[in-house]
Structures are given as structure tokens and as C-alpha cells.
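Protein chains in written order, with the numbering used here: chain A, 1 to 157; chain B, 1001 to 1157. All C-beta atoms in this analysis are idealised placements derived from N, C-alpha and C, irrespective of residue type, glycine included. Scroll down for the structure; my scribbles are underneath it.
There are 2 protein chains.
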Amino acid sequence: MLKISKKADYALMALQHIASVQFGDVTPGRVVNTKEIAEEYNIPLELLAKVLQVLSKHGLIESHNGPKGGYLLARSARQITIAQILESIEGPLAITDCSHEKEGDFCMQREHCNIRTPLLKIQDSIYQLLNNMTLGDMMGGTPLISIQSPAAQGVER
Amino acid sequence: MLKISKKADYALMALQHIASVQFGDVTPGRVVNTKEIAEEYNIPLELLAKVLQVLSKHGLIESHNGPKGGYLLARSARQITIAQILESIEGPLAITDCSHEKEGDFCMQREHCNIRTPLLKIQDSIYQLLNNMTLGDMMGGTPLISIQSPAAQGVER
DNA sequence: ATGATCTCCGATCAGTTCAGTCGTACTAAG
DNA sequence: CTTAGTACGACTGAACTGATCGGAGATCAT
Chain A
1 MLKISKKADY ALMALQHIAS VQFGDVTPGR VVNTKEIAEE YNIPLELLAK
51 VLQVLSKHGL IESHNGPKGG YLLARSARQI TIAQILESIE GPLAITDCSH
101 EKEGDFCMQR EHCNIRTPLL KIQDSIYQLL NNMTLGDMMG GTPLISIQSP
151 AAQGVER
Chain B
1001 MLKISKKADY ALMALQHIAS VQFGDVTPGR VVNTKEIAEE YNIPLELLAK
1051 VLQVLSKHGL IESHNGPKGG YLLARSARQI TIAQILESIE GPLAITDCSH
1101 EKEGDFCMQR EHCNIRTPLL KIQDSIYQLL NNMTLGDMMG GTPLISIQSP
1151 AAQGVER
């Protein structure tokens, strides 16, 4: 349950890779192309391309066309949260359908619904968790986040 | 993203209803049948029946056959966690596929996978969150949980 | 006992979403 | 102007989800 899609998986891997190349010691500032990532992690090339396009459209990475082109982080790894990445690929976080009812939608269970409020609480907690962890936290492998209380409403760290 | 299924939604509603009847002031100890819940919340009868069967098989509720039969919580509402309910319906919590690789399975990206560890951290945090909230916490409507840090490893409250 | 009521269980089906593919157009470097 | 790359949209097959149907088994009232 609560599984994230493979596209999201690929997005996380790709971003981590781009970040590590861009801010690494070997070739800092180098652009990374789709093929390189696809081969490194055994991801189908065309699918990864699609994912990267979406990330680019959402402003997480910048694309450079032509030969020697590729992708670059649009901002620092510490300013890209996991929530932003996942939401770019999979749409807004929504544990349950009724969390973003537009006009016209109508929840058949709404009148006597007894679980809406607690579910929204849970959803908010998860969002805080994902939004408090950045791409920067994922890098380097080991020194991860000290997991915070989801009640702590801090927006940016 | 991270949406839970409608079955899980129905399970939560049904359990909340059963608990509120069973421990309510009006008719304490009364059994609740599928039809009553389905009509109250506008849930397709057969689908709800299936959900309740699964919950029963997982030991969350007890079934009583025959006329005047129905369902009863198998234990107190405070001893049933949200995690238990969701996992009964949707299977084990798994943000990502590689979190429960059996023998024979093989993750193509495993060798150079850079996101496994942080994802497992996130998954664990979410699990703690869901496992620290009980059916009892969901009841009464208003006095909800004081959301706890997912790092707090307490099993029961 | 017998019948009515209810849970239990398995099989099935349409619709949707997801992973992956293909073909083509556009852009920039050499 | 050729080549290497991104950008974009349409398409397919497989898996999952929500929902439905039919009948078997259990229990209570009469």
C-alpha cells in the first residue's frame, strides 16, 4: 500500500545522480544527459526522458538542447524537497479523494463521513515529512535527516 | 499520489461505525450487519461485504452468522491501529518495491541504487505515524490525536 | 425439521492507471 | 548541414481497482 510509481523512483534516482555529478569533486558543473543516467541505473531510455521532461517543466531542472546538452539542477539540492519531486511526477499528495474536492465533485459518503478529518491530519503529517527532507539530505548516502515531528510546521529548513 | 484505495476508505468508515455503535450510549454491544453500514454511508453492499470479510479474516472484527448476525470489534478500539486496518486491506506498507524483495526478485537498479536507504527511512516514519494512531483516536470526531513524532518508537499508547 | 435470513467465498468483468515504446519535430554545437 | 541531444504526443499491453453475480454454509424463529 501507499506505493509510489516507478516514474517517481526514476525521478529520485536521476535527480540524485545529477546532483552528485554537478556538485561532486570530479567534474563539477557538468551537464548530464538522459542516456548516461539510463545506462547507469538500467532505466528504459524513453521513459526516463519523459520523466526528465516533466521535472524540467516543473522547474526542478534546466534542460540544454543540442550536442553536449543535458540537464542541470535548477537550484541547489537543499532547496529541492522530496515532496516537490514526487508531486511533480504524481500530482498533489492526496491520501483520500475528498481531500481536494472541486466544485461539481461530490462524495457520496460525505454527509455522514466520519473519517475525513483524521485522514486529513495523517495526510498533512506525511506532507510535512516529505517536505522537510531535501535532495541534499538524500545525498552522501549516510548522514540523513534526523526525523522530525510532523507536528513541527516548519516550511523550509 | 500515495492514495489509499476505496476499499481501505470503506474499511475505515465501517470500523468507525461498528466501534461507535458497540461502545456508544444507545445500544452498546449490539452487532452491526453489512447492510446497515452500506446504507448509512452509501457504499455498494457487495463490495463492503468483501471488505468486512477480509477484516474478519485478519482478526480485526468477529463475524456472527445467521439472522441477527453481524460484526463486532475483535478487541478494543484503542488496540486497533490505522496501520493494521490499512495493511489488512492493501497489504504491507511499501513505498518502494525494493523494500520487501524476496529471493528471486531482483531490482535492476539495485547495484547503484542511491535512494533505497532514504526511502526506507521515509517509509518507516510513515509506518510509525499510522501505527501510533488507533481507531479509538478517530472516534468522537473532535478530540483527535496530538500528532506524535514518527521517531517516537512507542508501540502502544 | 423447515424455511428465512444472513454471512461467507469464489469467479468474473469493465474501466482505469501505469510502464514502456515508437515516431517525429525542434535545437544547438561542430 | 550533419550530428547529438531534448521535446512532445500518440499508442500498446499488462496490471490493478472497483464493482457485480451466484451460490454455499450457518443460525435463528417458528
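### Query
So A:Lys-3 and B:Ala-1094 are in contact, right, with Cβ under 8 angstroms, and what is the actual spacing, rounded?
Numbered from 1 along the first sequence, position 3 holds the residue referred to as residue 3 of chain A. Numbered from 1 along the second sequence, position 94 holds the residue referred to as residue 1094 of chain B. The Cβ separation is near 6 angstroms, so the contact holds.
#### Entry: Inside the region 37 to 64 of chain A only - alpha helix (DSSP H) runs reaching at least 4 residues
Counting only runs that start and end inside the region 37 to 64 of chain A, the alpha helix (DSSP H) elements of at least 4 residues fall at 45 to 57.
### Query
Excluding the five sequence neighbours on either side, which residues of its own chain have a C-beta within less than 7 angstroms of the C-beta of A:Glu-40, listed in chain order?
Start at 1 with the first residue of the first sequence, and residue 40 of chain A comes out as number 40. For A:Glu-40, where only same-chain residues beyond five positions count, the Cβ hits under 7 angstroms are His-17.
### Message
Residues of chain B with CB closer than 9 angstroms to the CB of A:Tyr-71, please, in chain order.
### Response
Position 71 of the first sequence, counting from 1, holds the residue named residue 71 of chain A. Here the premise fails: no neighbours, minimum Cβ distance about 16 angstroms.
### Query
Which residue from B:Lys-1007, B:Met-1013, B:Asp-1137 puts its Cα closest to that of B:Ser-1076?
As a position in the second sequence, residue 1076 of chain B is number 76, starting the count at 1. When only C-alpha atoms are compared, the closest one is B:Asp-1137.
### Message
If you measure between the beta carbons of B:Ala-1083 and B:Leu-1130, is that distance less than 8 angstroms?
### Response
Residue numbering aside, residue 1083 of chain B sits at position 83 when the second sequence is read from its first letter. Residue numbering aside, residue 1130 of chain B sits at position 130 when the second sequence is read from its first letter. Contact flag set, yes.
### Task
Give the secondary structure of A:Thr-96 by DSSP, where H, G and I count as helix, E and B as strand, and everything else as coil.
Taking the first sequence and counting its residues from 1, one reaches residue 96 of chain A at position 96. Reduced to three states, the DSSP call for A:Thr-96 is coil.
### Query
Hey, would you say A:Leu-72 sits closer than 8 angstroms to A:Ile-61, going by beta carbons?
Taking the first residue of the first sequence as 1, we reach residue 72 of chain A at position 72. Taking the first residue of the first sequence as 1, we reach residue 61 of chain A at position 61. Contact flag set, yes.
### Task
Evaluate A:Lys-57 with the Cβ neighbour count: other Cβ atoms within 10 Å of its Cβ, from every protein chain shown; 16 or more gives buried, anything less gives exposed.
Locating residue 57 of chain A in the first sequence gives position 57, where the first residue counts as 1. Its Cβ having fewer than 16 others within 10 Å, A:Lys-57 is exposed.
### Query
Alpha carbon to alpha carbon, what distance is there between B:Tyr-1010 and B:Ile-1043?
Within the second sequence, the letter at position 43 stands for residue 1043 of chain B. Within the second sequence, the letter at position 10 stands for residue 1010 of chain B. If you take the alpha carbons of B:Ile-1043 and B:Tyr-1010, they lie about 7 angstroms apart.
### Task
Have a look at B:Met-1133 and A:Asp-25 and give me their C-alpha separation to the nearest angstrom.
The residue labelled residue 1133 of chain B in the question sits at position 133 within the second sequence. The residue labelled residue 25 of chain A in the question sits at position 25 within the first sequence. Using only the alpha carbons, I get a separation of about 45 angstroms.
### Query
In three-state terms, what does DSSP make of B:Gly-1136?
Counting from one through the second sequence, the residue named residue 1136 of chain B turns up at place 136. Of the three classes helix, strand and coil, the one that applies to B:Gly-1136 here is helix, per DSSP.
### Query
Who does B:Gly-1070 pair with in a DSSP beta bridge?
To locate residue 1070 of chain B, count along the second sequence from 1; it is residue 70. According to DSSP, B:Gly-1070 bridges with B:His-1064.
### Task
With a 10 Å radius around its C-beta and 16 neighbouring C-beta atoms as the bar for buried, classify B:Pro-1118 as buried or exposed.
Taking the second sequence and counting its residues from 1, the one referred to as residue 1118 of chain B is at position 118. Buried is the call here.
### Task
At 9 angstroms on the CB atoms, spell out the chain A contacts of B:Ile-1037, in chain order.
Within the second sequence, numbered from 1, the residue matching residue 1037 of chain B stands at position 37. Neighbours of B:Ile-1037 on chain A: none; closest Cβ ~10 angstroms, over 9 angstroms.
#### Entry: Under 8 angstroms from the C-beta of B:Gly-1122: neighbouring residues of chain A
In the second sequence, counting from the first residue as 1, residue 1122 of chain B sits at position 122. Reading the sequence as shown, one finds Ile at residue 1122 of chain B and not Gly. By Cβ distance, chain A contributes Ile-82, Leu-129, Leu-130, Met-133.
### Straight-line Cα distance separating A:Val-21 from A:Pro-92
Translated into positions along the first sequence, residue 92 of chain A becomes position 92. Translated into positions along the first sequence, residue 21 of chain A becomes position 21. In this structure, the straight-line span from the alpha carbon of A:Pro-92 to that of A:Val-21 is close to 29 angstroms.
### Query
Buried or exposed: A:Thr-34, going by 16 or more other Cβ atoms within 10 Å of its Cβ?
On the first sequence, position 34 is the one that residue 34 of chain A refers to. The residue in question, A:Thr-34, is buried, as its Cβ has 16 or more Cβ neighbours within 10 Å.
### Task
Report the neighbours of A:Asn-173 on chain B: residues whose CB is nearer than 9 angstroms to its CB, in chain order.
For chain A, the structure presents residues 1 to 157; residue 173 of chain A sits outside this window and is missing.
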